[in-house]
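Here the structure comes first, spelled out in structure tokens, and everything after it is commentary.
There are 2 protein chains.
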Amino acid sequence: MSIIVQKYGGTSMANSECVKNVAEKVVGTKRKGHDVVVVVSAPAGMTDQLVNRAKEITDKPSGRELDMILATGEQISISLLAMAIKALGEDAISFTSAQVGIYTDKNHNKAKIEEIDTSKINRALSEGKVVIIAGFQGVTKDLEITTLGRGGSDTSAVAIGVALKADEVEIYTDVDGIYTADPRIVPNAHKIDYITFDEMLEMAGSGAKVLHLRSVELAAKNNIPIHLRSSFTDTIGTYVTDEEEKMEEVLVRGVAHTTNNAKITIANIENTANNIAYIFKTISDANINVDVITQNYINKEGITISFTVAQEEYDRALTLSKRLGKELKADDVYGNEQVAKVCIIGVGMKSTPGVASRVFGCLAQNGVAIDMVSTSDINITCVIPQEDYSKAVLAIHNEFEL
Amino acid sequence: MSIIVQKYGGTSMANSECVKNVAEKVVGTKRKGHDVVVVVSAPAGMTDQLVNRAKEITDKPSGRELDMILATGEQISISLLAMAIKALGEDAISFTSAQVGIYTDKNHNKAKIEEIDTSKINRALSEGKVVIIAGFQGVTKDLEITTLGRGGSDTSAVAIGVALKADEVEIYTDVDGIYTADPRIVPNAHKIDYITFDEMLEMAGSGAKVLHLRSVELAAKNNIPIHLRSSFTDTIGTYVTDEEEKMEEVLVRGVAHTTNNAKITIANIENTANNIAYIFKTISDANINVDVITQNYINKEGITISFTVAQEEYDRALTLSKRLGKELKADDVYGNEQVAKVCIIGVGMKSTPGVASRVFGCLAQNGVAIDMVSTSDINITCVIPQEDYSKAVLAIHNEFEL
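Heads up: the protein sequence lines correspond to chains A and B, in order.
Take the first sequence: its letters are residues 1 to 402, numbered as in this note's numbering.
Take the second sequence: its letters are residues 1 to 402, numbered as in this note's numbering.
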């Protein structure tokens, strides 16, 4: 018998009607003869609501106590879904992470799963039950409650899928798959049927916020396929897999973008490994997340460093960079609070030269200035002025006939 | 160092201001040099809200899944209170029942505490922390989540007090103590400073719904004093204890009443032990709770049985009784959907004869007909017409100069 892990997000659990709808889907899968394990998120909005309750008490809730309150959202979801499935005549049982034994490290609010005890799950499955597990949460060996960070339920689902050697992990969400570009910008963007893990990792890291990054890493590492699909329709979504033979041979799989970026440049500092390490250590110690980094060679001694951060970190990052610039005797430190990032992703690029030059040429033809460029085997990222982002995405989508 | 267990109910946790108020009280106690363990209920209204969410999914939620959802209310309370106490500069840590090890039997929705592991609590106390524990919930040895039934947090608090050999259990609520009668009926009713466990048991069983019955039984059995007091003032409330030397010597400690009663009579059936057992087994099997029972001798062979039930059970109980009456060849079966129960309670009655006759005389003088009478050592219960209950309570309160 095949084991299917299904994960339903907050919008799928938003109210009683939604929960009943999910129950129908689960029961449908069960009645096709599969063993079904369901991982659920908190009802939409509840996590924010709980964070707000904590914030009403104190500006700085302790990580442990925040996890204590946040874990309740998923507990409500699992219970309601178990009731709804039983009401449809299938047996079901809900488990918190602590009950299953989804063991994590001790990093509250951003814990990593270390081990999953599958004995309770397997026992319940062998009794013919649908097993419903609270996503997002974990437990340490000392029974401390942890959470995996926003979007963590995807990771819970994949980790459980790996532990159970499931045939497939279905991630149900409010979109019906991964698109070649944001359909709000590119009207003829189309749904991608198959995408490689590597491409999905680049997409997820580049603004396509449909899957938690860590869940894709985990699926890739364990080679377990993810089927990303809509909980509101029955259509096939996007398969994330390494079965490249099933895929269309394309140069570019898709174009992702983010607009919430700001850029900072530290101009002309002494070119030593120490200096560069010192800059990024200082910024990371201030808990600021750096995204794209480029480093330009000026002359034998001098280099210029540019990097992007989220817009809400811009002020802090700029202040810190100015201090660093002074310390390291930079010629200048300056920033741009509003830039966009456009990422062109496709495993086909690996073996086909000239993609980057087509991207640059296409952007130039459309009058889009390129601020920064950063590339990997399968990803070309361009940082551009924010106002040009939709023009850029549209132009590239057309250029590669996606 | 003395250990104090404090229990705060739902109204004390209703919103952020309330939680902060509770935190102030807890910190005040801690700073007087006590070790403090706090047991909390779900925020007021939340348990009902969760039950309603379950009812939206299904008419008959499974007991296990209902416990799963209900346990979240207390988990929210403990987390918020821990945050609020830490914000005031004292260290605090919250625990669910599963984390502590408050082990119960497997009876979902009405579980009984069997054992409490005090090791985590004692460790945290020895580290100078205020320990906050979720009331109402428990866990089985298999990590199944259970709940103790409505009002169960009182029982959690007393059980934890017993396990820790606490000096006192303080139950904070929205009233400032036990009164000689309901002040809404008897304007000169006054707060009782000390009351015995036995009297409190009779009061709790007779309509004074300030303490969960099982919590009083547990405190009595282990001789641990309960201090019932208001979370909105600092005044001393009512001590429930067996230290009779501290108490006023009174004949009657108080008058309790309930108005939600209905009475059923099965007239003239054959007087055999089997018949009586059969009647009450049948009624109990239908999950109907019987309160007062009286049995009248008619002649050598015949008896008449009367009993009271809650008004919402009246229709079912009457239908059942009519069936039983037919089966047992009763002369008649009839009922009264609206009766009241007045209970006169005091350990002084044990050693003083004539209290019952004073009660009957006083009711007669005030034109109150007595339907049923049932007495114990320290309790005289009269079932009377519902419309007369306030007249009866007032008259008895005056008669015994409470």
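All C-beta atoms in this analysis are idealised placements derived from N, C-alpha and C, irrespective of residue type, glycine included.
Using only alpha-carbon positions, find the residue among the options that is nearest to residue i.
{"i": "T259(A)", "options": "S79(A), P43(A) and D388(A)", "result": "D388(A)"}
{"i": "K112(B)", "options": "T118(B), L201(B) and T104(B)", "result": "T104(B)"}
{"i": "E313(A)", "options": "E270(A), N289(A) and I396(A)", "result": "N289(A)"}
{"i": "V393(B)", "options": "M372(B), I378(B), C362(B) and D371(B)", "result": "C362(B)"}
{"i": "I380(B)", "options": "A87(B), A256(B), D193(B) and S390(B)", "result": "A256(B)"}
{"i": "S390(A)", "options": "D242(A), S374(A), G367(A) and T319(A)", "result": "G367(A)"}
{"i": "G89(A)", "options": "D67(A), I69(A), T72(A) and K20(A)", "result": "K20(A)"}
{"i": "A44(A)", "options": "E401(A), K32(A), E74(A) and V27(A)", "result": "E74(A)"}
{"i": "S215(A)", "options": "N271(A), Y172(A) and G151(A)", "result": "G151(A)"}
{"i": "E244(A)", "options": "S284(A), N15(A) and E199(A)", "result": "E199(A)"}
{"i": "N271(A)", "options": "N299(A), I283(A), N287(A) and R358(A)", "result": "N299(A)"}
{"i": "V342(B)", "options": "G149(B), Q311(B) and T375(B)", "result": "T375(B)"}
{"i": "A340(B)", "options": "S284(B), A262(B), L213(B) and K350(B)", "result": "A262(B)"}
{"i": "D315(B)", "options": "I93(B), A23(B) and I283(B)", "result": "I283(B)"}
{"i": "P61(A)", "options": "E65(B), I78(B) and T147(B)", "result": "I78(B)"}
{"i": "T352(A)", "options": "G28(A), Q311(A) and E249(A)", "result": "E249(A)"}
{"i": "T47(A)", "options": "T147(A), A23(A) and V27(A)", "result": "T147(A)"}
{"i": "A14(A)", "options": "K110(A), I185(A), S357(A) and I76(A)", "result": "I76(A)"}
{"i": "T235(A)", "options": "G205(A), I185(A), A219(A) and T173(A)", "result": "T173(A)"}
{"i": "A220(B)", "options": "D242(B), K329(B) and A364(B)", "result": "D242(B)"}
I want to verify the contact list: residues of chain A whose CB lies under 9 Å from the CB of residue i, in sequence order.
{"i": "E24(B)", "result": "Result: empty, since nearest Cβ-Cβ is about 13 Å, beyond 9 Å."}
{"i": "T72(B)", "result": "A71, T72, G73, Q75, I76 and S79"}
Are any of the Cβ atoms in chain A nearer than 8 Å to that of residue i?
{"i": "R38(B)", "result": "Strictly speaking, residue 38(B) in this sequence is Val, with Arg absent from that position. Not an interface residue."}
{"i": "Q75(B)", "result": "yes"}
{"i": "S62(B)", "result": "yes"}
{"i": "L143(B)", "result": "yes"}
Does any residue of chain B bring its CB to less than 8 Å from the CB of residue i?
{"i": "P183(A)", "result": "no"}
{"i": "S97(A)", "result": "no"}
Along chain B, in chain order, which residues have C-beta atoms closer than 9 Å to that of residue i?
{"i": "K129(A)", "result": "The contacting residues do not exist; K129(A) stays about 12 Å from chain B at best."}
Just to make sure I have the definition right: I need the residues of chain A whose C-beta is within less than 8 Å of the C-beta of residue i. Which are they?
{"i": "R53(B)", "result": "S16, I76 and L80"}
{"i": "I57(B)", "result": "S16, V19, K20, L80, M83, A84 and A87"}
List the residues of chain B that residue i touches, going by C-beta distances under 7 Å, in chain order.
{"i": "S94(A)", "result": "E65 and M68"}
Report back the beta-carbon spacing between residue i and residue j to the nearest angstrom; my notes put them in contact at under 8 Å.
{"i": "S126(A)", "j": "V175(A)", "result": "That belief does not hold up - the Cβ atoms of S126(A) and V175(A) are roughly 35 Å apart, past 8 Å."}
{"i": "D67(B)", "j": "K129(B)", "result": "No, D67(B) and K129(B) are not in contact; Cβ-Cβ is about 28 Å, not under 8 Å."}
{"i": "H34(B)", "j": "I69(B)", "result": "35 Å between Cβ atoms; not a contact."}
{"i": "A395(B)", "j": "I384(B)", "result": "Not a contact, Cβ separation roughly 11 Å."}
{"i": "H397(A)", "j": "A189(A)", "result": "7 Å"}
{"i": "E202(A)", "j": "I378(A)", "result": "6 Å"}
{"i": "N338(A)", "j": "Q386(A)", "result": "Checking the sequence, you will find Gln at residue 338(A) rather than Asn. Q338(A) to Q386(A), Cβ: 4 Å. Contact."}
{"i": "E168(B)", "j": "K106(B)", "result": "Contact doesn't hold; Cβ gap of about 32 Å is too wide."}
{"i": "L177(A)", "j": "L213(A)", "result": "In the sequence under discussion, the amino acid at residue 177(A) is Gly, which differs from the Leu named in the question. Contact doesn't hold; Cβ gap of about 18 Å is too wide."}
Any chance the region 82 to 100 of chain A sits against the region 125 to 143 of chain A, with 3 or more Cβ pairs inside 8 Å?
Short answer: they touch.
So does the region 118 to 127 of chain A actually touch the region 143 to 159 of chain A, counting three or more Cβ pairs closer than 8 Å?
Of all C-beta pairs linking the region 118 to 127 of chain A to the region 143 to 159 of chain A, fewer than three are shorter than 8 Å, placing the two stretches out of contact.
Counting pairs of Cβ atoms below 8 Å between the region 56 to 63 of chain B and the region 70 to 83 of chain A, do you hit three or more?
Contact holds: three or more Cβ-Cβ distances are below 8 Å.
Is the region 137 to 144 of chain B touching the region 180 to 199 of chain B, taking contact as three or more C-beta pairs under 8 Å?
Not touching, per the Cβ criterion.
If you pair each beta-carbon of the region 331 to 348 of chain A with each one of the region 263 to 282 of chain A, do three or more pairs fall below 8 Å?
Because the criterion of three Cβ pairs below 8 Å is met, the region 331 to 348 of chain A and the region 263 to 282 of chain A touch.
Stretch-stretch touch, CB-based, cutoff 8 Å, three pairs: the region 238 to 253 of chain A with the region 184 to 202 of chain A
For the pair of segments examined, the region 238 to 253 of chain A was found to touch the region 184 to 202 of chain A: the number of CB pairs separated by less than 8 Å reaches three.
Are there three or more Cβ pairs, one per stretch, closer than 8 Å when the region 4 to 19 of chain A is compared with the region 35 to 43 of chain A?
Judged by Cβ distances under 8 Å, the region 4 to 19 of chain A makes contact with the region 35 to 43 of chain A, as three or more pairs qualify.
Pairing CB atoms from the region 159 to 166 of chain B with CB atoms from the region 212 to 229 of chain B, are three or more of them under 8 Å?
Taking 8 Å as the limit for Cβ pairs, the verdict is that the region 212 to 229 of chain B does touch the region 159 to 166 of chain B.
I want to know whether the region 299 to 317 of chain A touches the region 268 to 281 of chain A - three or more CB-CB distances under 8 Å.
Touching, yes.
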